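Take a look at the structure set out below.
Residue numbers (my numbering): 370 to 465.
Encoded structure:
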């Protein structure tokens, strides 16, 4: 039995026939296609923020509250670019 440990994130994909799906971890990855029709076990061990990596409760989009409310990659304009004011030199978050 092989064991992997890490934070689950959105699966990576690779074009092909069929499309390949991967779970990416810090030092390894799993080709999910190879798990079809196989028994697997997933055990929840705790929370981890995708930005600061701290073991804090997740707020939204995989970020803790502090990171979600401050980092640019969690801003509203990531999903709705028309809300961005960066072109007007108005920053709602640190764009650097």
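Think of the CB as a built atom: it goes at the ideal place given N, C-alpha and C, for glycine as much as any other residue.
As the structure is a prediction and not an experimental result, all values here were calculated from the model.
Contact between the segment 414 to 432 and the segment 393 to 401 is absent: fewer than 3 CB-CB pairs across the two stretches fall below 8 angstroms. The residue among 375, 376, 377, 405 with its C-alpha nearest the C-alpha of residue 389 is 405. When DSSP states are grouped into helix, strand and coil, residue 394 belongs to the coil group.
Going by DSSP, residue 436 is part of the alpha helix (DSSP H) stretching over 434 to 437. In this structure, residue 436 lies near residue 443, with their beta-carbon atoms less than 8 angstroms apart.
Sorting 428, 423, 434, 402 by C-alpha distance to the C-alpha of residue 385 places 402 at the top.
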